[in-house]
Structure formats: C-alpha cells, structure tokens
Amino acid sequence: MTSDKVDQTTVSSARRWNYWLGGKDHFEVDRESGDRIAAVYPAVRTAAQQGRAFHNRAVRHLAEAGIRQFLDVGTGLPAPQNTHEVAQRIAPDSRVVYVDNDPMVLTHARALMIGGATTYVDADLKDPAAILGAAELKETIDLDRPVGILLLAVLHFVASDEQAREVVAELLAAVPPGSYLVATNSTKDFVDAEAAARYDAMLAAGHVDAWPRDRATFGRFFDGLELVEPGIVAISDWRPEREDRPAPSEVSMYGAVARKPS
C-alpha cells in the first residue's frame, strides 16, 4: 500500500498527463516536465487527447459486446468520460475497478469514484498479484466472469519488455475466455529519425520515463488473443468517429483491443 501523501517535488505521470489534457490537478514540477517533453516531442499533447478518445470508443465497444466488468489499471486522475461513466451509460449494471498508485489519484478516487459498482485499488501495475488479490477487487468484480482489462498509457512506464509481457500475461491468466485486453503504448514508428533521436536523448538523460515500443514489440502483448478490427493501429485510426483525425505521427501511440478466446 502506498502513502496518501502527495509529493509536490517529484514528477507524477498522472498529474503530467492531466496537464497535457488541460486539467488543473498538477504542480509546477509536472508542468515543467510536460513542457520539456512537448518541446522535443510535440505529439504528446495530441496523444493525450486522442488517448482519451480511444479509451471512450474502446470501452463503448466492450460494453456493447456484453462486458459488464472492467479493470482499469493506471487510471490516472479523473477526467471527462471515465470508464464507469462510459460503460454504465450503455449498461448501468457495469462494475469497474480502478487501479493506480499515485496519492493524488487516490484522493480523487475516494471523493468521486468509490461506492457500489465502482471502487479503487491502490497498487502498482508491476505487482499484478497485489491487484488481483485486493479485497476491493474481489468485492466488486467476479474473476470467473469476463473482464475488460484496460492498460491505457501505462505499459510504456515498464521499461523492460519482458516484465511488461509478464504483467499482461498474469492479468490475462486471471480472467476467463471472453475477456478483453485494451492497451496502448507510445511509439517512435511514426516519427522521423531526428525526432526519434531527440526522444532517445531524453530517455538517456532521464528527462522522460515512457519507453516507446515498435509495432512488433507492442503486438506481443496480444499473443494468443483475437484482435478486434482494425487490429494494431495508431490510436487515432482505431474505429475513428471523425474523418479529420490526427495523422499517426501526431499521436505516436499504438492501440488495440483483443478478446481472449475459448
């Protein structure tokens, strides 16, 4: 269990993401980090906005496909169209478990998300056993019934490809056939060599903590699953609702939805 104390001197990925989305729940250290990244990788602001739009479309798809239980890991700070809002608008009986380890997220969750069919687990993606064993999860969703697992803009904070695959595999092993995985990951596949080199330099200097993955590496998260059309694409190209959507180079993030087969 993490501390509830909010550290205003250390960058928080959740607060920085909130800043890019135009929210108000962030501190100077988060804004400085966000501006530094955006200066060399401008796509990140669009990626944040498009990530929320992809989330909404994917959750609607799962709800329309009959999923009534959602495990949203790395949920971040509340924003318009949270998972429970999108899912329960289609199916009011939908149950949602949010997971994050940021104290500010916990504070908001206690105020806005707790109760009845929606709850929060204070845990880290890198410790799936703690997530799956949490009392709050067990009281809210039934792991013997299909679950929609959401890993949005969080896998790229696990630097090791092997560890990231192990985390995904452990979560999927805990849910039955008919469950879904929805995931995204930042990528350099859509940018030119100069932009990719700038990002690599920031990674090496410790100025950024999101590890991009190419299509093949990202695709391994879905091994053994049935990809939902259109498969692995830039998040702006996954079942878009508008023709004037950003180009893949403007979002630099892959996304996909897949079903665990029988």
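Numbering (the UniProt record's numbering), first residue to last: 1 to 262.
Cβ coordinates follow ideal geometry from the N, Cα and C atoms, glycine included.
Values in this document were obtained by computation on a predicted structure and should not be read as measured data.
beta-carbon residue i near the ligand SAM non-hydrogen atom, thresh 8 Å
| i | result |
| --- | --- |
| Gly148 | Here there are no bound small molecules, and the ligand SAM is not part of this structure. |
Three-state class that DSSP yields for residue i in the structure shown
| i | result |
| --- | --- |
| Phe190 | coil |
| Leu150 | strand |
| Thr140 | helix |
| Leu125 | coil |
| Asp100 | strand |
| Ala247 | coil |
| Glu64 | helix |
| Ala234 | strand |
| Leu181 | strand |
| Leu225 | coil |
| Leu106 | helix |
| His156 | helix |
| Ala210 | coil |
| Arg242 | coil |
| Arg16 | helix |
| Gly145 | In the sequence on display, residue 145 carries Arg and not Gly. Arg145: coil per DSSP, three-state reduction. |
| Gly51 | helix |
| Arg11 | Reading off the sequence shown, one finds Val at residue 11, where the question assumed Arg. Residue state, collapsed to three classes: coil. |
| Leu21 | coil |
| Pro176 | coil |
Limits of the unbroken beta strand (DSSP E) element including residue i
| i | result |
| --- | --- |
| Phe70 | 69 to 73 |
| Arg259 | 253 to 259 |
| Asp122 | 118 to 122 |
Neighbourhood of residue i by C-beta distance below 6 Å, restricted to the same chain and skipping five residues each side
| i | result |
| --- | --- |
| Gly178 | Pro146 |
| Ser33 | Val11, Arg16 |
| Leu62 | Gly148, Tyr180 |
| His156 | Asn185, Ser186, Ala210, Trp211 |
| Leu58 | Note that residue 58 is Ala in the sequence shown here, rather than Leu. Excluding residues within five positions, the ones whose Cβ falls inside 6 Å are Val182, Val257. |
| Ser262 | Pro177 |
| Leu203 | none |
| Thr118 | His84, Val96 |
| Val208 | Ile37, Met202 |
Residue range of the unbroken alpha helix (DSSP H) whose run includes residue i
| i | result |
| --- | --- |
| Asp35 | 28 to 40 |
| Asp161 | 161 to 173 |
| Val86 | 83 to 90 |
| Thr217 | 215 to 219 |
| Pro128 | 128 to 133 |
DSSP bridge partner residues for residue i (one or two, in chain order)
| i | result |
| --- | --- |
| Ala43 | The partner list for Ala43 (beta bridge, DSSP) is empty, contrary to what the question assumes. |
| Arg95 | Gln69 |
Counted within 10 angstroms of its Cβ, other Cβ atoms place residue i as buried (16 or more) or exposed
| i | result |
| --- | --- |
| Asp144 | exposed |
| Lys260 | buried |
| Arg197 | It is worth fixing the name first, because residue 197 is Ala in this sequence and not Arg. Ala197 comes out exposed. |
| Gln88 | buried |
| Ala135 | exposed |
| Thr9 | exposed |
| Pro128 | buried |
| Gln69 | buried |
| Asp35 | exposed |
| Ala39 | exposed |
| Ser160 | exposed |
| Gly224 | exposed |
Same chain only: Cβ atoms within 7 Å of residue i, ignoring 5 sequence neighbours per side
| i | result |
| --- | --- |
| Ala256 | Ala183, Phe222, Leu227, Gly231, Ile232 |
| Gly51 | Leu152, Ala153, Thr184, Ile235, Met253 |
| Ile67 | Pro146, Gly148, Tyr180 |
| Thr2 | Model confidence at Thr2 stands at a pLDDT of 40, short of 50, so the residue's coordinates are unreliable and nothing is read from them. |
| Arg60 | Val86, Ile90 |
| Arg220 | Arg165 |
Sequence-distant residues of the same chain with beta carbon closer than 8 Å to residue i, five excluded per side
| i | result |
| --- | --- |
| Arg215 | Thr187, Asp189, Ile232, Tyr254 |
| Asp237 | Pro230, Arg245, Pro248 |
| Gly133 | none |
| Val158 | Leu125, Lys126, Ala164, Val167, Trp211 |
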